[in-house]
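Going by this note's numbering, the first residue of the sequence shown is number 745, and it counts up by one from there.
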Amino acid sequence: LKIGATGQVEWARSYGGTGDEQAWSVDATGDGGYVFSGGTTSFGAGQADFWVVKVDSSGNVQWENAYGGTGEDAPGAPYDEYVCRVAVDKEGKFIVSSISDSYEPNGDVLNIRLEPADGSVLWAYGYGHTSEDSTWSFAVLEDGGYLFTGALTDPVALDADAWALKTDTSGNIVWQKTYGLAGWFDEVLGQAATSDGGALLAAYYEASNQDWRSHLVRIAADGSLMWAREYRNGEMSWPNATVELADGFGVIGVSAADAAMWDSQLWFMKTASDGSLGASCQLGVPITLEVKDAPATRKDVTVTVTPTSATVTDTAVTTQQIAPAPTYQCQ
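Next up, the structure:
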């Protein structure tokens, strides 16, 4: 779906096969087109694969490939979310990332760098430890490297902490750290590269099954912790994405006032550069996180590249003007 500056639909198409396809990210390419990615069960070498599609400015497919091994890559369980993200890096190459259990039974993070002209693989590596590792997204940093984020599980304590791993453009690990609260499940869902070479991590920690609390973690270029704050909005809340602004950060996510009813709403907040929301706002409480060097290692992997043949269908999209009525918690 391509829309204009005022929300008007310029074109809309569906792409897929006989199984399940989901698109989770899209980026503009240097030639005026787009690249999008997600997971597929229609094509590929295993039960699910990464799926990357390059289109021109009108949505016509220029190339499309599935990438993976014999297991599940961008697996859908447990919520049928076939997450796989792509971005165009500083050199114009494509970087793709998701979870894979094709190369490690407990699951590793699989990162692949692609040639934009045809989707050929420049390199592919798995990153992980002996227990379950996860990723939801990544960022291209100011220095051209990549910051992959998610959760890393301690194999002894079985305690997952928020995980950030920086690599260079060749896939070499530069540094990696975990940020967590002992005994609670912590995970990064989104992040934004910052102009000083660091990043803001948008994460949550799970105090119980129905008590999820958003927190923001500001890190420097070397991964050291600058500040961390908790934002408890309702019984459950989690951030999905963040962006650096001229005078702070914008964060968008979900909040549920009643976890039992799953009565969720879109939640947006703008913070100052230190994560604060103003003296009159009770959200944004500073928290203390334990920061550790992480033990994940890199392994060489061989991914099967499968050219795919998606059915492309022009679709009719109905647009409707809406008038949101936001409830302000802090102003």
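Where is the CB? At the ideal position from N, CA and C, for every residue including glycine.
From a predicted model like this one, the values you see are computed outputs, not experimental measurements.
Kindly identify the DSSP beta-bridge partner or partners of residue i.
| i | result |
| --- | --- |
| asparagine 855 | Ser841 and Tyr869 |
| tryptophan 795 | Gly782 and Ala810 |
| serine 981 | Ser999 |
| tyrosine 826 | BP columns for tyrosine 826 are empty, so no partner. |
| serine 875 | Paired residue(s): none; serine 875 is not in a bridge. |
| valine 753 | Ile747 |
| phenylalanine 882 | Phe892 |
| threonine 986 | Val995 |
| serine 769 | Ser781 |
| alanine 818 | Per DSSP, none; premise fails for alanine 818. |
| alanine 831 | Ile839 |
| valine 805 | Val799 |
Do you know whose CA, among the options, lies nearest residue i's CA?
| i | options | result |
| --- | --- | --- |
| cysteine 1025 | Ser841, Pro1068, Thr1062 and Gln1075 | Gln1075 |
| isoleucine 963 | Lys1014, Lys1036, Leu866 and Phe1012 | Lys1036 |
| methionine 1013 | Tyr1072, Ile856 and Trp919 | Tyr1072 |
| glycine 813 | Gly751, Gly788, Thr1015 and Arg957 | Gly788 |
| threonine 986 | Val865, Asn850 and Gly997 | Gly997 |
| glycine 815 | Pro849, Gly790 and Pro822 | Gly790 |
| phenylalanine 882 | Phe892, His873 and Thr874 | Phe892 |
| proline 819 | Asp852, Gly751 and Thr913 | Asp852 |
| aspartate 903 | Leu925, Leu909 and Ile917 | Leu925 |
| valine 918 | Ala1038, Gly783 and Ala749 | Ala1038 |
| glutamate 950 | Phe929, Ala943 and Leu969 | Phe929 |
| alanine 868 | Ser846, Ala861, Asp887 and Glu886 | Ser846 |
| serine 939 | Gly748, Asp887, Thr913 and Pro983 | Asp887 |
| threonine 1062 | Val753, Leu989, Lys798 and Ala947 | Val753 |
| glycine 872 | Pro899, Ala861, Pro860 and Ser1020 | Pro899 |
Could you give the residue range of the beta strand (DSSP E) that holds residue i?
| i | result |
| --- | --- |
| threonine 897 | 890-897 |
| alanine 904 | 904-911 |
| leucine 969 | 969-975 |
| threonine 1057 | 1055-1058 |
| glycine 761 | Counting along the chain, glycine 761 falls outside any beta strand (DSSP E), and DSSP gives it neither H nor E. |
| phenylalanine 929 | 929-937 |
| serine 944 | Reading off the sequence, residue 944 comes out as leucine, not serine. Here the beta strand (DSSP E) through leucine 944 covers 943-952. |
| tyrosine 923 | 917-924 |
| valine 961 | 955-963 |
Output yes or no for whether 8 Å exceeds the beta carbon distance between residue i and residue j.
| i | j | result |
| --- | --- | --- |
| alanine 792 | aspartate 817 | yes |
| alanine 1000 | glutamate 979 | yes |
| aspartate 1018 | tryptophan 971 | yes |
| tryptophan 956 | valine 932 | no |
| glycine 760 | serine 786 | yes |
| glycine 915 | tryptophan 880 | no |
| valine 1045 | glycine 870 | yes |
| glutamate 876 | asparagine 855 | no |
| valine 884 | alanine 937 | yes |
| leucine 896 | threonine 874 | no |
| glycine 889 | threonine 911 | yes |
| valine 830 | serine 878 | no |
| isoleucine 843 | arginine 857 | no |
| glycine 941 | alanine 965 | yes |
| valine 779 | valine 832 | yes |
| valine 805 | valine 1049 | no |
| serine 952 | serine 981 | no |
| valine 796 | glycine 894 | no |
| glycine 783 | tyrosine 826 | yes |
Sequence ranges, alpha helix (DSSP H) only - wholly within the region 989-1072, length at least 4: Whole alpha helix (DSSP H) segments, 4+ residues: zero.
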